[in-house]
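Novice: Numbering (full-length UniProt numbering), first residue to last: 1 to 721.
Yeah, the Cβ is synthetic: ideal placement off N, Cα and C, and Gly gets one too.
#1: With a threshold of 16 other CB atoms inside 10 Å of the CB of residue 46, please say whether the residue is buried or exposed.
#2: Look at residue 515 and residue 377 and say whether their C-beta atoms are less than 8 Å apart.
#3: Taking buried to mean at least 16 other C-beta atoms within 10 Å of its own C-beta, is residue 731 buried or exposed?
#4: Quick check on DSSP: helix, strand or coil for residue 628?
#5: Does DSSP put residue 688 in a helix, a strand or coil?
#6: Roughly how many angstroms lie between the CA atoms of residue 481 and residue 505, to the nearest whole one?
#7: So, are the CB atoms of residue 510 and residue 384 less than 8 Å apart?
#8: Would you report the Cα separation of residue 409 and residue 287, rounded to the nearest angstrom?
#9: Taking all protein chains shown into account, do 16 or more other C-beta atoms lie within 10 angstroms of the C-beta of residue 616, making it buried, or fewer, making it exposed?
#10: Could you round the C-beta distance between residue 567 and residue 352 to whole angstroms and report it? I think they count as a contact, below 8 Å.
#11: Buried or exposed: where does residue 519 fall if 16 or more other Cβ atoms within 10 Å of its Cβ makes it buried?
#12: Rounded to whole angstroms, what is the Cα-Cα separation between residue 91 and residue 77?
#13: Would you check if the distance between the CB atom of residue 238 and the CB atom of residue 573 is smaller than 8 Å?
#14: If I follow the unbroken beta strand (DSSP E) through residue 286, where does it start and stop?
#15: Using only alpha-carbon positions, find the residue among 688, 386 and 63 that is nearest to residue 102.
#16: So within the stretch 551–600, which uninterrupted beta strand (DSSP E) runs reach at least 3 residues, ignoring any that extend past its ends?
#17: State buried or exposed for residue 565, treating a residue as buried only when at least 16 other CB atoms are found within 10 Å of its CB.
#18: For residue 172, I'd like the list of residues in its chain whose CB is within less than 7 Å of its CB, leaving aside the five on either flank, ordered along the chain.
#19: According to DSSP, is residue 546 helix, strand or coil?
#20: Could you give the DSSP three-state label for residue 361: helix, strand or coil?
#21: For residue 183, collect the residues of the same chain with a Cβ closer than 7 Å to its Cβ; drop the 5 residues on either side in sequence, then sort them by chain order.
#22: How big is the Cα-Cα spacing for residue 156 and residue 164?
#23: For residue 676, which of helix, strand or coil comes out of DSSP?
#24: So, at 7 Å on beta carbons, what are the nonlocal neighbours of residue 403 in its own chain, with the 5 sequence-adjacent residues on each side left out?
#25: Find the nearest neighbour of residue 688 within the set 58, 673, 655 and 712, judged by alpha-carbon distance.
#26: Since I believe residue 138 is in contact with residue 256 (beta carbons under 8 Å), could you give me their beta-carbon distance rounded to a whole number of angstroms?
#27: Tell me where the alpha helix (DSSP H) around residue 345 begins and ends.
#28: How long is the line joining the alpha carbons of residue 643 and residue 321, rounded to whole angstroms?
#29: How do the stretch 431–443 and the stretch 528–540 stand: do at least 3 beta-carbon pairs fall below 8 Å, yes or no?
#30: If we call anything under 8 Å between Cβ atoms a contact, is residue 289 one with residue 524?
#31: Would you kindly work out how many angstroms separate the C-alpha atoms of residue 507 and residue 415, rounded to a whole number?
#32: Cβ of residue 381 within 8 Å of Cβ of residue 512?
#33: Please confirm whether residue 240 and residue 355 have their CB atoms less than 8 Å apart.
#34: Can you list, in chain order, the residues of its chain whose CB lies under 7 Å from that of residue 723, leaving out five sequence neighbours each side?
#35: Fully enclosed by the stretch 473–537, which beta strand (DSSP E) runs are 3 residues long or longer?
#36: Residue 469 and residue 436 - do their beta-carbons sit closer together than 8 Å?
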């Protein structure tokens, strides 16, 4: 410990002396120009001494992370010329960087290791695998200042020798550009020298170097990635898309719209999970369930309460009719007419440009494409509970087929999972006559929402007849006397208590897992970790292979998959000219329980976790005329803003039509519009959308300029005489 303290004191003393004697003034462009004559004289008198002193000074400036390394590099060119200056700076900068690296490792690594063990372990794993290449990239294209790279790499497990030689090679090109610019700087002795061709070229290189280096690095990376494969000289298609869910449909549509030759491969139903098993059927049954609930509570609308009379089989038939009515929007015929070739079959990557298609008739077809997009989506995750396969279960994918044959809703339904899907279906089936028990391992349902929103959702589902068991962990499924049970445990007063819950049907709604198997990803070495790992452009390990939708994340929403589809198409077709990073800044989501819960940006808990100095503006729907006319006054709008500012950081809406109301806030956040702009926008009366305006009005009222208002009051008093 004493050694570390002594080292810190020595470094602090060196830095203090550096600034005390105004040495930093020499490391400016003006200081350099003013000292050139003196340096030149010293060099003529003692060339070896000047080189030695300059070398040591450069090492110390770099090792202590002092400002001025760039000026010293220019000075090397001015004093010693291109070749000699390049050699001096190359070795001095690498040695100094390595010293800074070693000091950082000695002083900081143990502390950071203790404080962030999991993060550092993950970083070390990446460094062990790609450390040299990653460091080379940072050196060649200096995204971060070199002194920061020295310090940060010191806390990783990269070897010192590796750090030194990679830095030596990686910084060489940039050093050359700066030293060369310095040689021209020395030649400026008049205003005309500023416009010399050599000087203009030298400084132009400084501006273009990062772009040139990045281009060289991309070529190097491609050769490294594709070294085991032979690229076709010609391609059958510009783009092949595997998967016809939201991501794949948007990708292929955009490709066809810009006249690319694109093939869309889908083995199952067009439209993917959203159309056939998710968004569309669930919203259809939610509507039927809501009507049934309104009939039960007719008194809310001046009618008589009544027991809804319906056939569950007809309700399910309507669900399938809705799917059929929407299906033409995503059909083979429509996309064929749009210019997309649709092939029904299973696509598998053979190499980075080749897809083998096992057609549904059993035959095979092979296509090559310059760009391939994987958009295979996700499937419901089924927890590996003992006995679950023997007792049977349904998921949000399979219930629509199985339940379509039932004459009535399952008498006893257990819903496993308290997320959005579980909550939506639990409430709907309870309203359609099922005795529903919902099991959630966490302490509350809808755990990603604020506590008050979770509580609100809990109350709404309970009012609909759902028996919610939070903090209950499912253990196993079993059969007793021809009856099916799920056994759960609960911590109660420090003791573990097991409870067996009987059910006719078990619905697993505990999340979704990406479809990663069977597409050739493993054979090509494309990295996966629950999802396909991509960069900010949706590129996988191979720059010509992209991924979009649920298979990528980070949000498993249909609208995010469609959003990513645009980027996959544009980057895949035109990325060699210009690439676009996927914009995840403003992503809305809605849980379609009754009332709906919609959110965009931060909620209150997020703002607290991020340490933001924020304030909350609320508007209760019991004050909205349209909510009163619809007898639907439960709910609120909660807006998160920075203290004293109208900038919108996040909004949560709980109400009927919340999913529609949130759109105005999404637009405002996307384009940087504050609450004042919403307040100044005309909203039709009487509509639900007025709630947004009134929420903005609440903020304005809370930030009224009291001093100005007091002066105005006095002014009007004076005007009255």
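Specialist: Well, looking at it:
#1: Translated into the one-based positions of the chain shown, residue 46 becomes position 46. Residue 46 comes out exposed.
#2: Position 515 of the chain shown holds residue 515. Position 377 of the chain shown holds residue 377. It is a contact, given that the beta carbons lie within the stated cut-off.
#3: Absent from the model: residue 731. The displayed extent of the chain is 1 to 721, so no value can be given.
#4: If you number the chain shown from 1, residue 628 lands on position 628. Helix, per DSSP.
#5: For this step, residue 688 is matched to residue 688 along the chain shown. Here residue 688 sits in coil by DSSP.
#6: To locate residue 481, count along the chain shown from 1; it is residue 481. To locate residue 505, count along the chain shown from 1; it is residue 505. Each residue's CA atom was taken as its position, placing residue 481 and residue 505 some 16 Å apart.
#7: Against the chain shown, residue 510 aligns to sequence position 510. Against the chain shown, residue 384 aligns to sequence position 384. Their beta carbons are not under 8 Å apart, which means residue 510 does not touch residue 384 by this criterion.
#8: Here the question's residue 409 lines up with position 409 in the chain shown. Here the question's residue 287 lines up with position 287 in the chain shown. Cα to Cα, residue 409 sits roughly 16 Å from residue 287.
#9: Mapped onto the chain shown, residue 616 falls at position 616. Only exposed fits residue 616, as fewer than 16 other CB atoms lie within 10 angstroms of its CB.
#10: Counting from 1 along the chain shown, the entry for residue 567 is found at position 567. Counting from 1 along the chain shown, the entry for residue 352 is found at position 352. Not a contact, Cβ separation roughly 20 Å.
#11: Along the chain shown, read from residue 1 onward, the residue named residue 519 stands at position 519. Buried, by the Cβ-count rule.
#12: For this step, residue 91 is matched to residue 91 along the chain shown. For this step, residue 77 is matched to residue 77 along the chain shown. The alpha-carbon atoms of residue 91 and residue 77 are separated by roughly 14 Å.
#13: By one-based count along the chain shown, residue 238 stands at place 238. By one-based count along the chain shown, residue 573 stands at place 573. For residue 238 and residue 573, yes; Cβs fall inside 8 Å.
#14: Mapped onto the chain shown, residue 286 falls at position 286. Careful: residue 286 lies outside any beta strand (DSSP E), inside the alpha helix (DSSP H) at 279–296.
#15: Locating residue 102 in the chain shown gives position 102, counting from the first residue. Ranking 688, 386 and 63 by CA distance to the CA of residue 102 puts 63 first.
#16: If we require 3 residues or more, the beta strand (DSSP E) runs fully inside the stretch 551–600 come out as 588–591.
#17: The residue given as residue 565 occupies position 565 in the chain shown. So residue 565 ends up on the buried side.
#18: Within the chain shown, residue 172 is the residue found at index 172, counting from 1. In chain order, 90 place their CB closer than 7 Å to the CB of residue 172, counting only its own chain and leaving out the 5 sequence neighbours on each side.
#19: Position 546 of the chain shown, counted from the start, is the residue given in the question as residue 546. Here DSSP, grouped into helix, strand and coil, assigns residue 546 to strand.
#20: Against the chain shown, residue 361 aligns to sequence position 361. Under the three-state reduction of DSSP, residue 361 is assigned to coil, being neither helix nor strand.
#21: Taking the chain shown and counting its residues from 1, the one referred to as residue 183 is at position 183. For residue 183, where only same-chain residues beyond five positions count, the Cβ hits under 7 Å are 77, 78, 81 and 82.
#22: For the purposes of this step, residue 156 is taken as residue 156 along the chain shown, with counting starting at 1. For the purposes of this step, residue 164 is taken as residue 164 along the chain shown, with counting starting at 1. In a straight line, the C-alpha of residue 156 is about 14 Å away from that of residue 164.
#23: Taking the first residue of the chain shown as 1, we reach residue 676 at position 676. The answer is helix: DSSP assigns residue 676 an H, G or I state.
#24: Against the chain shown, residue 403 aligns to sequence position 403. 316.
#25: Counting from one through the chain shown, the residue named residue 688 turns up at place 688. Nearest option by C-alpha distance: 655.
#26: If you number the chain shown from 1, residue 256 lands on position 256. If you number the chain shown from 1, residue 138 lands on position 138. For residue 256 against residue 138, the beta-carbon gap comes to about 39 Å, at or over 8 Å, which does not count as contact.
#27: Numbered from 1 along the chain shown, position 345 holds the residue referred to as residue 345. Per DSSP, residue 345 belongs to no alpha helix (DSSP H); it is in the beta strand (DSSP E), 341–351.
#28: Here residue 643 is taken as the residue at index 643 of the chain shown, counted from 1. Here residue 321 is taken as the residue at index 321 of the chain shown, counted from 1. The alpha-carbon separation between residue 643 and residue 321 amounts to approximately 50 Å.
#29: The stretch 431–443 is not in contact with the stretch 528–540.
#30: Here residue 289 refers to the residue found at position 289 of the chain shown. Here residue 524 refers to the residue found at position 524 of the chain shown. No, these two residues do not count as a Cβ contact at 8 Å.
#31: For the purposes of this step, residue 507 is identified with residue 507 of the chain shown, where counting begins at 1. For the purposes of this step, residue 415 is identified with residue 415 of the chain shown, where counting begins at 1. Looking at the two C-alpha atoms, the distance is approximately 5 Å.
#32: For this step, residue 381 is matched to residue 381 along the chain shown. For this step, residue 512 is matched to residue 512 along the chain shown. Yes. Within cutoff.
#33: Here residue 240 is taken as the residue at index 240 of the chain shown, counted from 1. Here residue 355 is taken as the residue at index 355 of the chain shown, counted from 1. When the beta-carbon positions are compared, residue 240 and residue 355 come within less than 8 Å of each other.
#34: Missing from the structure shown is residue 723; the chain here goes from 1 to 721 and no further.
#35: For the stretch 473–537, the full-length beta strand (DSSP E) segments reaching 3 residues or more read 483–492, 495–503, 505–508 and 512–514 along the chain.
#36: As a working note, residue 436 is residue 436 in the chain shown. As a working note, residue 469 is residue 469 in the chain shown. Against a cut-off of 8 Å, the Cβ pair of residue 469 and residue 436 comes out as no contact.
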